[in-house]
Amino acid sequence: MLKRLDELKVGETGQIKKVGGEGRLRRRLFDMGVTPGAIVNVRKLAPLGDPIEVTLRGYELTLRKVEANLIEVEVED
Amino acid sequence: MSKRFALAGNPNCGKTTLFNSLTGSTAHVGNWPGVTVDKKEGTYKKLAENIDIIDLPGIYSLSPYTSEEVVSRNYILEEKPDCVINIVDATNLERNLYLTTQLLEIDVPMVVALNMCDVLRKNGDTIKIDELAKRLGVPVVEISALKEENLDSLMKAAYEASRERREGSTVIENKDLLHLVGDVKIAFEGMKIANPLFHAIKLVELDELETKDHPSLVKMVEEFKETFNDKTFGSDFEALIADARYTYISNHFTDLFVSNPEAEVVESEEAKGTKKNTTSDKIDKVLTHRFWGIPIFVAIMFLIFHFTFGEALFFIPVHMEGAAADFFSGMSGEPLDGIPSLGVFLQSWFGWFTDSLIIENLANVMPEAWYTSLLLDGILGGVSAVLSFVPQIMLLFFFIAILEDSGYMSRIAFILDRAFRKFGLSGKAFIPMLTGFGCSVPAIMATRTLEDEKEKRLTIRLMTCFSCGAKAPIWAMLAGIGTWVGAAGDIFVFTIYLGGIAAAVIFALFLKLFSKDRYVSPFVMELPAYHWPQARNVGALLWEKLKHYMIKAGTIILACTIVIWFLSNFGWDFWYNNAFNSSLEDATFNLGGNVYPYFVEAVNEEGEIEMVYNMEWSMLGTLGQSLRYFFYPLGCLEGGWTYGADGWKYCVATITGLIAKEDVVATMAVLGLDEGTIALNAAGAYSFAAYNLFTIPCFAAIGAAHGELKGKHFWLTLLWWFAMSYVVARLIYWIGAAYVFAWWLGLIVTLVVVGAIVGCGIVVSKRQKEALAVRA
Chain D
5 MLKRLDELKV GETGQIKKVG GEGRLRRRLF DMGVTPGAIV NVRKLAPLGD
55 PIEVTLRGYE LTLRKVEANL IEVEVED
Chain P
12 MSKRFALAGN PNCGKTTLFN SLTGSTAHVG NWPGVTVDKK EGTYKKLAEN
62 IDIIDLPGIY SLSPYTSEEV VSRNYILEEK PDCVINIVDA TNLERNLYLT
112 TQLLEIDVPM VVALNMCDVL RKNGDTIKID ELAKRLGVPV VEISALKEEN
162 LDSLMKAAYE ASRERREGST VIENKDLLHL VGDVKIAFEG MKIANPLFHA
212 IKLVELDELE TKDHPSLVKM VEEFKETFND KTFGSDFEAL IADARYTYIS
262 NHFTDLFVSN PEAEVVESEE AKGTKKNTTS DKIDKVLTHR FWGIPIFVAI
312 MFLIFHFTFG EALFFIPVHM EGAAADFFSG MSGEPLDGIP SLGVFLQSWF
362 GWFTDSLIIE NLANVMPEAW YTSLLLDGIL GGVSAVLSFV PQIMLLFFFI
412 AILEDSGYMS RIAFILDRAF RKFGLSGKAF IPMLTGFGCS VPAIMATRTL
462 EDEKEKRLTI RLMTCFSCGA KAPIWAMLAG IGTWVGAAGD IFVFTIYLGG
512 IAAAVIFALF LKLFSKDRYV SPFVMELPAY HWPQARNVGA LLWEKLKHYM
562 IKAGTIILAC TIVIWFLSNF GWDFWYNNAF NSSLEDATFN LGGNVYPYFV
612 EAVNEEGEIE MVYNMEWSML GTLGQSLRYF FYPLGCLEGG WTYGADGWKY
662 CVATITGLIA KEDVVATMAV LGLDEGTIAL NAAGAYSFAA YNLFTIPCFA
712 AIGAAHGELK GKHFWLTLLW WFAMSYVVAR LIYWIGAAYV FAWWLGLIVT
762 LVVVGAIVGC GIVVSKRQKE ALAVRA
C-alpha cells in the first residue's frame with residue numbers, strides 16, 4: 005500500500021517509492037540517502053510529536069513531518 | 012612548498028579525531044554534525060618531508076547545500092591538495108561511500124581511510140579491504156583514529172598516491188546519461204576547465220553553483236532532458252544520479268561487509284531496515300522518551316547548574332560551624348547552612364588562595380604607595396576576580412563537553428525542534444546556539460551549517476541570549492551576594508540560562524512578527540549513535556578553554572585592569588589622588604581656588620572619622636557619572652544597579668565588558684565591588700544580568716559576526732543587540748520595581764508584559780501555520 009512517510013506508525017517499515025519537494029530540501033534528502041528503493045523504518049516521534057526519527061541505510065535520521073510528507077513509501081500489508 | 016593532504020568525510024566519522032592524532036593538536040571534536048565549520052591546518056611530521064594536513068568541514072555531499080559543503084568543495088577543486096584522504100566510517104559504509112563516489116569524480120589523488128575498524132572487530136564484523144580498494148580504484152587503509160592504529164601506513168599510502176596524477180572516475184552506469192556527461196565533459200575540456208568530469212556531472216544534476224557558472228552549457232542538458240525518459244525517474248537527473256550512486260554502492264559494496272556470523276538473525280532484521288537494539292538505542296529510548304524526554308532535559312540542565320553554582324546540595328539544610336564549615340567554605344569563618352556544590356567548594360578555596368594567601372600577605376609587607384595599589388587593587392584584584400571563577404567555569408564546560416561528546420546535543424535539537432519551529436527556527440539552529448553556551452565566537456561561525464541566510468541571521472542575533480562562558484563569572488558573582496539572589500544562587504543562575512533561552516524564543520517571535528518572510532527551513536539531520544565521552548576529547552576541549560581563558564586573563568584583562576585602575580585613581584588633573592594616610596590638607600586638592608572633593612569623610616571600624624578616597628571624582632568616575640544618566644532607567648531605585656554612589660561603577664563595568672565579558676567582574680573588583688559590597692535586590696540583579704546577557708557581545712564575537720553578516724545586516728545586528736538588552740533590562744526592572752512597591756502593581760505589570768508576548772505568539776503561530784500549509 006502506498007503511503008506518505010509521515011503516515012507510518014512507529015515501528016512500521018516501508019520502501020521509498022518517490023521523493024517530492026524541490027530545490028535544496030530535495031537535494032538534501034537525496035544526499036542523506038532518502039532515494040527511491042531505500043528501506044526506511046520509523047523509530048520514534050519526538051516528545052512534542054514532531055519531528056520523527058527513522059532508520060535508513062544503517063543510520064538514524066531525523067526529519068519533520070512536513071518533510072516526511074513529501075516522501076512516498078510502499079508498505080507491506 | 013610542503014605537500015598538502017586534505018581530510019574529507021561525513022560529519023561525525025572521526026575526521027577531527029584523526030586530525031588530532033596526525034597533528035598532535037587539540038582541535039575541538041564533538042559528537043554532533045557540524046563541529047568543524049572552517050578548515051583547520053596542522054602538520055604531520057613522521058614522513059621524509061613534513062605534510063600539511065587540512066581538516067575540512069564534515070559533509071555528506073559536494074552539493075552546495077550549506078556553506079561548509081561549499082568550503083570543502085572549493086578547497087578540493089581550487090586549492091588542489093596533493094592528496095585527499097577520505098575518511099569512511101566502517102560501521103556506516105553505505106552513506107559514507109556516497110560522498111566517496113563524488114570525490115572520486117575529481118582529478119585528485121585519493122586514499123580511503125576506513126575508520127573505526129576497532130569497533131568493527133569488536134562486533135565481529137569484517138570488510139574485504141582489498142576487494143573494496145580494487146572496486147573503488149584507490150588505496151584503502153584500515154585505521155582507528157581513536158586508538159591511533161595504522162596511521163603511519165595511511166600516511167605512507169597517501170604519500171605514495173600523491174606522487175601520481177589521478178583522473179576522476181564515476182560510478183554512474185546508465186549509458187545514456189554517461190553519453191551526456193561525456194559530451195558536457197568534452198565541452199568543459201575545450202574550455203580548459205580543470206576537473207571536467209566532476210563539473211560535467213554536477214551540471215547534469217543542474218547543481219546550483221554549476222548552472223550559475225556555466226549558463227551556456229545548461230541548454231545542452233535541457234535539450235537532452237527532453238529526449239530522455241527513465242521509467243522510474245522520468246527526466247529527473249538529480250534523482251537519477253543520486254539513485255545511481257546509492258544503487259552502485261548497494262550492488263557493489265554491500266557484499267564486502269561481512270557481518271558477524273553469530274549475529275545472523277539480527278542481520279536479517281537489519282536488511283528490513285529495523286536495527287538491532289544496541290545500548291545506544293536503549294539509552295535513546297529513555298532520553299528522548301515521549302513523556303519523559305523534556306523533563307529529563309530540564310533536569311539534566313538543572314543538575315549541571317546545581318552542581319556548579321549550588322550553595323546547598325539538593326537543598327538539604329545542614330547547619331555547620333567551626334572546622335567543618337571552614338573546610339566547606341574555604342576558611343571563610345562563617346557558618347554554613349548546607350553542603351556547597353563542587354563548583355562553589357572549589358571556588359571558595361581558590362578564592363582563599365588568592366585573597367587570603369597572596370593579596371592579604373602582600374598587603375602586609377608592601378609599603379603604602381601607588382605601586383602597591385596598582386598591584387593589589389588593580390592587577391591582582393581584577394585578574395584574580397576573573398581567575399577565581401576558573402573552577403566553576405571548567406566544571407560547567409566539563410558538563411557541556413560530556414553532553415556534546417556523548418551525542419546528547421543532537422537529541423536536544425530533536426526534542427526541541429517542534430517548540431523552536433513555531434518561531435521560525437529549526438532545531439538545527441539550536442546547535443550553534445548551544446555552542447553559544449561555550450563561546451559566541453565559534454557559535455557565530457557555526458551558523459554556517461544553516462542553509463538558509465535568514466535563519467542564519469536570526470540565529471546570530473539571538474546568540475547573546477545563550478550565556479557564554481565569559482559571562483558566567485558575572486552570574487557566579489551575583490549568585491554570591493548577600494541578598495535574596497545570593498541565598499538561592501543556583502536557582503538565580505539557572506533562571507538566567509533558562510530565561511536566556513526563553514528570551515531567544517520571544518525575540519525570534521518578535522523579529523518574525525515584522526518579517527514578511529514565512530519560510531521555515533527544513534530539518535533533516537543525522538542522529539549519531541551515543542558513545543561514552545572520550546576522556547581525550549573532553550580533556551582536549553577543557554584544555555583548549557582553560558588555555559584560552561588564561562591567555563585572556565594574562566593579556567586583555569590584565570591590560571584592562573591597569574587602565575581601569577589608572578582611570579579610577581587619577582583625576583582630570585592627572586594627579587594620583589588615592590594617597591594613603593591622607594590628611595584633610597592633602598585630601599582637598601586646590602586648583603584655581605576650587606576645592607575638589609577627592610576625599611570624603613567616613614567612619615572606620617574603630618568608630619573614628621577618617622578621610623577616604625572618593626572615586627567619583629576620578630576620570631573614570633566622572634565619565635561613569637555621565638554614563639549613568641544613560642543607563643539610569645535600568646535600575647534607578649534603591650537596590651537597582653544605577654542607584655546611588657556605586658551606580659556609575661556598574662555602568663563602567665558594562666562598557667568594559669565589550670572588551671571581554673570577564674572584564675565586567677574584573678572592573679567591578681578594581682572599583683571595589685565584590686560579593687560583599689554589591690547591594691542589589693532581585694530586581695536590580697536581574698536587570699543588570701539581563702543587560703549584560705543580551706547586549707553587544709565582546710569584540711571577538713563582533714568580529715565573528717562581521718565575518719558572517721554583510722553590510723547593513725551587521726550594523727542592524729549591533730543595533731538589535733543593544734536595543735534589545737536595554738529594553739529587556741528596563742522591562743525586568745519595571746516589573747521588579749512594581750513588585751517592590753506593591754504585589755498587585757507587580758501583577759498588573761507582569762500581566763501586561765506577558766499578555767503582549769502571548770499576543771505576538773498567537774499572530775506569529777497563525778502565520779506560520781499558513782506558511783506550512785502552503786508548502787505542504
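Sequence order for the protein chains is D and P.
Numbering-wise, the numbering used here puts 80 at position 76 of the first sequence, and it's gapless, one number per residue.
Numbering-wise, the numbering used here puts 537 at position 526 of the second sequence, and it's gapless, one number per residue.
Ideal Cβ positions, reconstructed from N, Cα and C, are used throughout, including at glycine.
- For P/Val676, the uninterrupted alpha helix (DSSP H) segment begins and ends at Glu673 to Val681.
- When CB distances to chain D are screened at a threshold of 9 Å, the residues of the region 535-559 of chain P falling below it are Val535, Met536, Glu537, Leu538, Pro539 and Ala540, in chain order.
- Across the structure, P/Leu762 and P/Asn703 are spaced so that their CA atoms are roughly 25 Å apart.
- The continuous alpha helix (DSSP H) containing P/Phe209 extends over residues Pro207 to Val215.
- In the three-state reduction of the DSSP assignment, P/Gln636 falls in the helix class.
- Counting the other Cβ atoms within 10 Å of the Cβ of P/His190 gives fewer than 16, which makes it exposed.
- Among the residues of chain D, those whose CB is under 9 Å from the CB of P/Ser74 are Arg28, Arg31, Arg32, Phe34 and Asp35, following chain order.
- Rounded to the nearest angstrom, the gap between the Cα atoms of D/Lys21 and P/Asn262 is 18 Å.
- Assignment of P/Leu353 by DSSP, reduced to helix, strand and coil, places it in the helix class.
- Taking 7 Å as the upper bound on Cβ-Cβ separation, chain D lies near residues Phe425, Ile426, Asp428, Arg429 and Ala430 of the region 422-434 of chain P.
- Judged by DSSP secondary structure, P/Phe235 falls within the alpha helix (DSSP H) whose first and last residues are Pro226 to Thr238.
- At a cut-off of 7 Å between C-beta atoms, D/Gly62 counts as an interface residue with respect to chain P.
- A Cβ of chain D is located within less than 7 Å of the beta carbon of P/Arg106.
- Residue state for D/Tyr63 is assigned as strand, using DSSP reduced to three classes.
- Interface annotation for the region 12-28 of chain D against chain P: Thr17, Val23 and Arg28, criterion Cβ-Cβ distance under 7 Å.
- Here P/Gly193 is not bridged, per DSSP, to any residue.
- Bounds of the beta strand (DSSP E) holding D/Thr17 are Thr17 to Val23.
- Distance from the Cα of P/Lys465 is smallest, within the candidate group P/Thr475, P/Ala440, P/Gly766 and P/Ile117, for P/Ala440.
- The Cβ atoms of P/Ala156 and P/Val122 do not sit closer than 7 Å to each other.
- Taking P/Pro120 as the centre and dropping the five residues before and after it, the same chain places the C-beta of Cys94, Ala172, Ser173 and Arg177 closer than 6 Å to its C-beta, in chain order.
- Given a length threshold of 3 residues, each whole run of the beta strand (DSSP E) inside the region 495-573 of chain P is given here in chain order: 535-537.
- If you check the CB distance, P/Leu756 and P/Ala749 come in under 7 Å.
- For P/Lys14, the enclosing beta strand (DSSP E) begins and ends at Lys14 to Gly20.
- Only Pro55, Glu57, Thr59, Leu60, Arg61, Gly62, Tyr63, Glu64, Leu65, Thr66, Leu67, Arg68, Val70, Glu71 and Asn73 from the region 55-80 of chain D bring a Cβ to less than 8 Å from some Cβ of chain P.
- An exposed status is given to D/Met5, since fewer than 16 other beta-carbon atoms sit within 10 Å of its beta-carbon.
- Segment contact: the region 462-482 of chain P against the region 714-729 of chain P, three or more CB-CB distances shorter than 8 Å; contact assigned.
- For the options P/Lys158, P/Phe710 and P/Ala168, the alpha carbon positioned closest to that of P/Pro150 is the one of P/Ala168.
- Using a Cβ-Cβ cut-off of 7 Å, D/Leu6 does not count as an interface residue toward chain P, since no Cβ of chain P sits closer than that to its own.
- For P/Glu249, the chain D residues whose C-beta falls within less than 8 Å of its own C-beta are Arg30, Arg31 and Phe34, listed in chain order.
- Between the region 289-304 of chain P and the region 316-332 of chain P, the count of Cβ pairs shorter than 8 Å is below three; the stretches do not touch.
- One Cα belongs to P/Leu114, the other to P/Leu73, and the distance between them is close to 8 Å.
- In this chain, the beta strand (DSSP E) harbouring P/Tyr55 covers Lys51 to Tyr55.
- Close to D/Leu52, with beta-carbon spacing below 7 Å, are these residues of chain P in chain order: Arg429 and Ala430.
- By DSSP's assignment, P/Ala124 forms a beta bridge with P/Ile98 and P/Val152.
- For P/Asp254, the C-beta contacts it makes with chain D under 9 Å involve Phe34, Thr39, Pro40 and Gly41, in order along the chain.
- Residue-level contact check: P/Asn692 does not touch chain D, since none of the beta carbons of chain D fall below 7 Å from its beta carbon.
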